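In this note's numbering, the protein residues as written are 42 to 302. Note that the Cβ used here is the ideal one computed from N, Cα and C, for glycine as well. These numbers come from a predicted model, not from an experiment. Here the structure is laid out as structure tokens; the discussion comes afterwards.
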Amino acid sequence: MSTDERFKFNWFINERENVRILKESGDPKPWTNDPVLQQYRFCNVNRNDDTVSKWIYENWIRDNERHPNLPRAILLARLINWPDTLAELGFPHVWDPKWVTSVVRSRLHRGHKTWTGAYMITAEHDGTDKIVSVCKTVDALDFELKKSCLEVWKQLQALPRVGSFMAAQVVADLKRTFYLGGSRDYWHFCAPGPGSMKGLNKVLGMTEVTTWSQPEFQKEVYELQVQIDKLLDAQNVQNCLCEYYKWTRGSSRSKYPGGKS
Numbered sequence: 042m043s044t045d046e047r048f049k050f051n052w053f054i055n056e057r058e059n060v061r062i063l064k065e066s067g068d069p070k071p072w073t074n075d076p077v078l079q080q081y082r083f084c085n086v087n088r089n090d091d092t093v094s095k096w097i098y099e100n101w102i103r104d105n106e107r108h109p110n111l112p113r114a115i116l117l118a119r120l121i122n123w124p125d126t127l128a129e130l131g132f133p134h135v136w137d138p139k140w141v142t143s144v145v146r147s148r149l150h151r152g153h154k155t156w157t158g159a160y161m162i163t164a165e166h167d168g169t170d171k172i173v174s175v176c177k178t179v180d181a182l183d184f185e186l187k188k189s190c191l192e193v194w195k196q197l198q199a200l201p202r203v204g205s206f207m208a209a210q211v212v213a214d215l216k217r218t219f220y221l222g223g224s225r226d227y228w229h230f231c232a233p234g235p236g237s238m239k240g241l242n243k244v245l246g247m248t249e250v251t252t253w254s255q256p257e258f259q260k261e262v263y264e265l266q267v268q269i270d271k272l273l274d275a276q277n278v279q280n281c282l283c284e285y286y287k288w289t290r291g292s293s294r295s296k297y298p299g300g301k302s
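What follows is the structure, given as structure tokens:
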């Protein structure tokens with residue numbers, strides 16, 4: 042890893058966090074002198090500061106931390122990922138796929154935004170409605186979760202249409218509960234994704250297409266964890282690597298209104 046890339050990665054994390062603090066404090070734009078951060082939206086350094094993550098925690102997790110349906114609720118929340126829909130559904134104290142399907146179809150019929158594409162599952166190819174597929178996926182989460190982040194990540198990928206990325210997002214939410222809040226690998230678990238691998242390769246000075254196994258990726262992310270200024274668990278460092286790659290590329294998926302932060 043070059044000293045220059047390590048410095049830039051650390052600077053990006055600190056500057057992105059400073060943007061969040063200034064924005065949430067009500068300071069006027071621009072919140073940074075960096076032209077890319079001025080124009081484009083990037084995920085927060087800590088995913089728990091994201092709008093949807095905060096809503097899910099405050100409305101579904103905090104008061105239902107020990108409810109037996111919480112893992113299903115978190116999975117459902119991430120597959121939909123839109124607070125207005127989740128508010129209309131209500132926390133699933135009793136798991137009822139028919140109710141979920143009816144609420145989602147009603148919102149779609151009324152022309153209301155119902156979900157986002159942030160967390161996607163593999164679609165079925167037989168014309169099945171997406172919400173039916175979502176309910177089938179959540180319904181299959183009928184087993185007891187294990188005690189470590191890595192084990193639960195692997196368990197969740199046994200569900201239909203759940204891959205590495207979605208499983209890791211559910212793990213991150215479960216870390217805010219008794220399920221994984223005390224797990225032995227709370228700080229060190231992370232799973233590679235396409236963007237975060239590109240970011241890691243950038244920091245390490247490797248070719249962009251270099252791929253990593255989960256254990257190798259986690260080991261390299263740990264090396265970064267102990268070198269950056271901000272105290273972050275490995276999943277947040279992994280997320281920052283994805284955003285860092287976008288920043289070095291010069292763009293993100295969405296812009297601020299008017300093109301400036």
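If contacts are defined as beta-carbon pairs under 8 Å, then residue i and residue j qualify, I think. What distance do you get, rounded to the angstrom?
i, j, result
"glutamine 259", "cysteine 231", "5 Å"
"glutamine 255", "proline 233", "6 Å"
"leucine 265", "valine 278", "6 Å"
"leucine 85", "arginine 61", "Here residue 85 is asparagine; the residue named in the question, leucine, does not match the sequence. With a Cβ gap of about 6 Å, asparagine 85 and arginine 61 count as contacting."
"lysine 296", "tyrosine 81", "6 Å"
"valine 33", "glycine 223", "Nothing about residue 33 can be read from this structure; the chain reaches only from 42 to 302."
"arginine 151", "serine 189", "About 43 Å separates the two Cβ atoms, so there is no contact after all."
With burial defined as no fewer than 16 other Cβ atoms inside 10 Å of the residue's Cβ, what is the status of residue i: buried or exposed?
i, result
"alanine 128", "exposed"
"arginine 119", "buried"
"asparagine 242", "buried"
"phenylalanine 53", "buried"
"phenylalanine 83", "buried"
"lysine 139", "exposed"
"asparagine 74", "exposed"
"threonine 248", "exposed"
"glycine 240", "buried"
"arginine 57", "buried"
"threonine 252", "exposed"
"lysine 313", "Residue 313 is absent from the model: the chain starts at 42 and stops at 302."
"aspartate 274", "buried"
"threonine 157", "exposed"
"phenylalanine 184", "exposed"
"glutamate 257", "exposed"
"lysine 287", "buried"
"phenylalanine 50", "buried"
"serine 147", "exposed"
"threonine 169", "exposed"
Closest by CA to residue i, which one among the options?
i, options, result
"leucine 111", "Tyr98, Ile121 and Asn122", "Tyr98"
"asparagine 87", "Asp183, Val145, Phe206 and Asp214", "Asp214"
"aspartate 45", "Cys190, Val244, Leu265 and Trp288", "Val244"
"lysine 171", "Glu192, Ile121 and Thr218", "Ile121"
"valine 203", "Thr178, Asp226 and Leu191", "Thr178"
"alanine 181", "Val60, Gly222, Cys283 and Gln198", "Gln198"
"lysine 95", "Arg107, Ile115 and Met207", "Ile115"
"aspartate 91", "Arg294, Gly223 and Glu65", "Glu65"
"leucine 149", "Leu273, Trp123, Gly240 and Phe132", "Trp123"
"serine 174", "Pro69, Thr142, Leu282 and Ser189", "Thr142"
"arginine 103", "Asn55, Lys216, Arg61 and Cys176", "Lys216"
"glutamate 106", "Pro76, His134, Glu261 and Arg151", "His134"
"tryptophan 228", "Leu191, Pro69, Leu78 and Val211", "Leu191"
"glutamine 210", "Pro71, Gly223 and Val193", "Val193"
"valine 144", "Val262, Leu130 and Trp136", "Leu130"
For a test of the three-state rule: what should DSSP assign to residue i, helix, strand or coil?
i, result
"tyrosine 285", "helix"
"lysine 296", "strand"
"tyrosine 98", "helix"
Can you find a C-beta in chain D that's less than 9 Å from the C-beta of residue i?
i, result
"proline 235", "No chain D appears in the structure shown, which is made up of a single protein chain."
Problem set entry | Minimum length 4: unbroken alpha helix (DSSP H) runs contained in the region 144-222 | Within the region 144-222, the complete alpha helix (DSSP H) segments of 4 residues or longer fall at 171-180, 190-197 and 205-215, listed in chain order.
For this session: Let me know the beta strand (DSSP E) ranges lying completely inside the region 238-271, each 3 residues or longer, listed in chain order.
Result: Listed in chain order, there is nothing to give.
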